[in-house]
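A.B. asks:
Residue numbers (my numbering), protein chains in the order written: chain A, -17 to 395; chain B, 53 to 403.
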């Protein structure tokens, strides 16, 4: 840390104070937001921090002039936070930042127009990131991490401030997305429910009015929640929205959306091309797709086993496991086609023992009873049209469309 | 299952927390429980008037219809006593203990602050409580869950609801304890089984709240636990249940379920059997009625029980000369009974 001289420190601090006050006076939100984006670690912020730590009495400077002292409640904790941040005391930095943020919100409420929204976004972002780092510091010292939870409460308050009739309401979705990130990280996703309800049912909000970037993020998270609930049509709708509206240059974001959209689409009978998987590095799904195309049950089980940890962590494992029925359907369909080639007149009668043989060939040992069970499931769930003659152990397929396609609908429960 | 082997010993007013008495998960030995009757059985506000019992799935915890508004109850003091008496007699001699009554967060905090009550302390250490203490409470609730289901008294449904609530709370506390005490060198020997209970309680994905979704829950289960025999069993059972694979579901449950796991999953067993009958009725050739003898082997039930279940689902059975009975298929009268299904013995259950 290069310590400045007393005079230099004085200059840096007053410079900053002037920038802050001018930004507010001229409603220059871009400049304002930069002034408290700690995570950017910009040279000017860091050098200011050094100056503050050296000068030690910035409050005197703030009180010295009316121009600065009107924002004293905001600036004093902001400076304290920056100082702690620079010294690596993240818990203290978080405390002071929260005080700063609260004071800023009070002022923000008094500004009638929505000019300062971007600055508010910056605060929402910074408070979350700072809280995460503070929690890491607490955990490493054997204490209980609770700052991120506190940040969540703060952001709920901010949401409340924005949820009114005025122009500031378009900021609510950004804050919502920060809350989603917090709840997902904390593992308290049930708390998402109340914000979702506010966004989707409150009359003051019109979803189309929100900024595009926020809509994409919102649909991504709510889509993921639908995946957890295995509500595939809704998940498809939301994740597809996120995909189509996402900036195509943001490949990392597209990859994140696809990671959840692909299993959903598979459940609806829609398969991605290999080149898509390759482009976005989602090759863990490659074998799953192949298994569906080939009716290869062994390959599906192998793919699930190979990437088990990964699929469990992202929450798609159970979704992929369910694809088994579609793989069975494909296998039976293939047997039907082979029979059709040999003897078209008898093709629609499938002996159970033939299916058992095919499964044995795939190294899946199933007895007649189990295959009979599988066939009744396929018929019941309309993956196979026909009936099962128990006495003769034969599946009799319907002559018309014996293997109905899913057509974008999930398998009947 | 032999009733005498399940009878619990009673001891009055002596907390017994020998931490070495943790029982193995697969063999049932008689448990020692001290006798503080759980407060709920005596609370006068929770005895409903209606006779209908509904399915005892965890979904009941969300159904407000079971807990009546206290103010609107007008109970004749004698009736109330009578009902409670009935309930006690019906349930038999289970008397429970609550080794702890404290929310999980508070217990973890008190552990840190060395503020543990004497009975919560592991080996008398004021800084440590233990999952094995929580484990006893869970075992009690699992067994109660099964016993209450087989009771027919009119006041049972509220007890079932409350018991389920206690069970889910105890499990949640237990998981927090496991997480808080996680140590990479040590695996709690009961953890796998008690995690498997959660899976078995959430087989049905309908009507579940977001936070109960198994996909979401699995994310936080440590990998060695996920790969354990007990979790493997639970995940297999889940897979078969969700797919509708009645054959493998019943075989797996009968050959691998521990006593406690079976207690939890018993209602699903009968549900799956009803489902199997519905599939067979729907898909099989009309001119080949399904012989009951084969059906009973498939469903792992006695023939008489199969007949009873079919009737409960609105289906007729035919017989030639009164000897060989069959289920004619493509009957249009099938319906899942609204009341909870009677429990039928699982033929071939290996415990």
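Heads up, the beta-carbon is just placed ideally off N, CA and C, and yes, glycines get one too.
Can you grab the Cα-Cα spacing for the pair residue 22 of chain B / residue 244 of chain B, in whole Å?
C.D. replies: This structure cannot speak to residue 22 of chain B, because chain B is shown only from 53 to 403.
A.B. asks: With DSSP run on the structure shown, which of helix, strand or coil describes residue 336 of chain B?
C.D. replies: Residue 336 of chain B: strand per DSSP, three-state reduction.
A.B. asks: For the alpha helix (DSSP H) that contains residue 235 of chain A, what are its first and last residues?
C.D. replies: 233 to 249 is the extent of the alpha helix (DSSP H) around residue 235 of chain A.
A.B. asks: Kindly indicate if chain B contains any beta-carbon less than 8 Å away from that of residue 347 of chain A.
C.D. replies: Not closer than 8 Å to any Cβ of chain B, the Cβ of residue 347 of chain A fails to qualify, so no.
A.B. asks: Check distances from the C-beta atoms of the region 328 to 343 of chain B to those of chain A and list, in chain order, the residues that come in under 9 Å.
C.D. replies: If the cut-off is 9 Å between Cβ atoms, the region 328 to 343 of chain B has 328, 330, 331, 332, 334, 335, 336, 337, 338, 339, 340, 341, 342, 343 near chain A.
A.B. asks: Which residues in the same chain as residue 5 of chain A place their Cβ atom closer than 8 Å to its Cβ, once the five residues preceding and following it in sequence are excluded?
C.D. replies: For residue 5 of chain A, where only same-chain residues beyond five positions count, the Cβ hits under 8 Å are 11, 13, 14, 17.
A.B. asks: Is the beta carbon of residue 28 of chain A within less than 7 Å of some heavy atom of the ligand ZN?
C.D. replies: For the ligand ZN, the structure offers nothing, since it holds no ligand at all.
A.B. asks: Less than 8 Å between the C-beta atoms of residue 295 of chain A and residue 271 of chain B, yes or no?
C.D. replies: Yes; because the gap between Cβ atoms is below 8 Å, this pair is in contact.
A.B. asks: What does residue 370 of chain A pair with, by DSSP beta-bridge criteria?
C.D. replies: Answer by DSSP bridge pairing, in chain order: A/377, B/336.
A.B. asks: Measuring alpha carbon to alpha carbon, tell me which residue in A/194, A/278, A/143 is nearest residue 84 of chain A.
C.D. replies: Considering only alpha carbons, the answer is A/143.
A.B. asks: Which stretch, first to last residue, makes up the beta strand (DSSP E) that contains residue 372 of chain B?
C.D. replies: Here the beta strand (DSSP E) through residue 372 of chain B covers 370 to 372.
A.B. asks: So, with DSSP's three-state summary, where would you put residue 2 of chain A?
C.D. replies: DSSP places residue 2 of chain A in helix when its eight states are reduced to three.
A.B. asks: Which value, in whole angstroms, describes the spacing of the CA atoms of residue 42 of chain A and residue 236 of chain A?
C.D. replies: Each residue's Cα considered, the two are about 50 Å apart.
A.B. asks: Does DSSP classify residue 8 of chain A as helix, strand or coil?
C.D. replies: Reduced to three states, the DSSP call for residue 8 of chain A is coil.
A.B. asks: Quick one: grab the DSSP three-state call for residue 331 of chain A.
C.D. replies: Reduced to three states, the DSSP call for residue 331 of chain A is strand.
A.B. asks: For residue 377 of chain B, which residues does DSSP report across the bridge?
C.D. replies: Per DSSP, B/371.
A.B. asks: Can you say whether residue 386 of chain A is buried or exposed, counting buried as having 16 or more other CB atoms within 10 angstroms of its CB?
C.D. replies: So residue 386 of chain A counts as exposed.
A.B. asks: Measuring only between beta-carbons, confirm whether residue 88 of chain B sits less than 8 Å from chain A.
C.D. replies: Here the model assigns residue 88 of chain B a pLDDT of 34, short of 50, so the residue's position is not dependable and the matter cannot be decided.
A.B. asks: What is the DSSP secondary structure of residue 107 of chain A, counted as helix, strand or coil?
C.D. replies: DSSP places residue 107 of chain A in helix when its eight states are reduced to three.
A.B. asks: Could you tell me the distance, in whole angstroms, from the CA atom of residue 252 of chain B to the CA atom of residue 292 of chain B?
C.D. replies: Cα to Cα, the separation comes out at about 12 Å.
A.B. asks: Measure from the alpha carbon of residue 394 of chain A to the alpha carbon of each residue in B/265, B/290, B/231, B/295, then state which is nearest.
C.D. replies: The candidate whose alpha carbon is nearest that of residue 394 of chain A is B/295.
A.B. asks: Have a look at residue 280 of chain A and residue 359 of chain A and give me their C-alpha separation to the nearest angstrom.
C.D. replies: Rounded to the nearest angstrom, the two C-alpha atoms are 19 Å apart.
A.B. asks: When the distance is taken between beta carbons, is residue 352 of chain A closer than 8 Å to residue 325 of chain B?
C.D. replies: In this structure, residue 352 of chain A does not lie closer than 8 Å to residue 325 of chain B by Cβ.
A.B. asks: Kindly indicate which three-state DSSP category residue 213 of chain B falls into: helix, strand or coil?
C.D. replies: It is helical.
A.B. asks: When you compare only the Cα positions, how much space is there between residue 129 of chain B and residue 202 of chain B?
C.D. replies: Residue confidence is low: residue 129 of chain B scores 45 on pLDDT, short of 50, so the model does not pin down where it sits. No coordinate-derived value is stated.
A.B. asks: What's the C-alpha gap between residue 401 of chain B and residue 116 of chain A?
C.D. replies: Between residue 401 of chain B and residue 116 of chain A, the C-alpha separation is close to 53 Å.
A.B. asks: With a cut-off of 8 Å, do at least 3 Cβ pairs link the region 323 to 338 of chain A to the region 373 to 383 of chain A?
C.D. replies: Yes, they touch.
A.B. asks: In the region 289 to 313 of chain A, which residues sit with their C-beta less than 9 Å from some C-beta in chain B, listed in chain order?
C.D. replies: Within the region 289 to 313 of chain A, the qualifying residues are 290, 291, 294, 295, 296, 297, 298, 299, 300, 301, 303, 304, 306, 307.
A.B. asks: Does the pairing of the region 127 to 137 of chain A with the region 98 to 111 of chain A give three or more beta-carbon distances under 8 Å?
C.D. replies: Yes, they touch.
A.B. asks: Using DSSP with H/G/I as helix, E/B as strand and the rest coil, what is residue -13 of chain A?
C.D. replies: It is coil, neither helix nor strand.
A.B. asks: Decide if residue 265 of chain A is buried, meaning its Cβ has at least 16 other Cβ atoms within 10 Å, or exposed.
C.D. replies: Its Cβ having fewer than 16 others within 10 Å, residue 265 of chain A is exposed.
A.B. asks: Any beta carbon of chain B sitting closer than 8 Å to that of residue 372 of chain A?
C.D. replies: Interface residue, yes.
A.B. asks: Keeping to the same chain, check which residues put their C-beta closer than 7 Å to that of residue 241 of chain A; ignore five residues upstream and five downstream.
C.D. replies: Excluding sequence neighbours, residue 241 of chain A sits near 264, 296.
A.B. asks: Just to confirm the assignment: which complete alpha helix (DSSP H) runs, minimum length 4, are found wholly within the region 290 to 324 of chain A?
C.D. replies: Listed in chain order, they are 290 to 296, 299 to 303, 306 to 324.
A.B. asks: Can you give, in chain order, each stretch of the alpha helix (DSSP H) that sits fully within the region 266 to 316 of chain B and has at least 4 residues?
C.D. replies: If we require 4 residues or more, the alpha helix (DSSP H) runs fully inside the region 266 to 316 of chain B come out as 266 to 270, 275 to 278, 281 to 295, 298 to 308.
A.B. asks: Which residue marks the beginning of the alpha helix (DSSP H) containing residue 228 of chain A, and which one marks its end?
C.D. replies: First-last for residue 228 of chain A: undefined, no H or E at that position.
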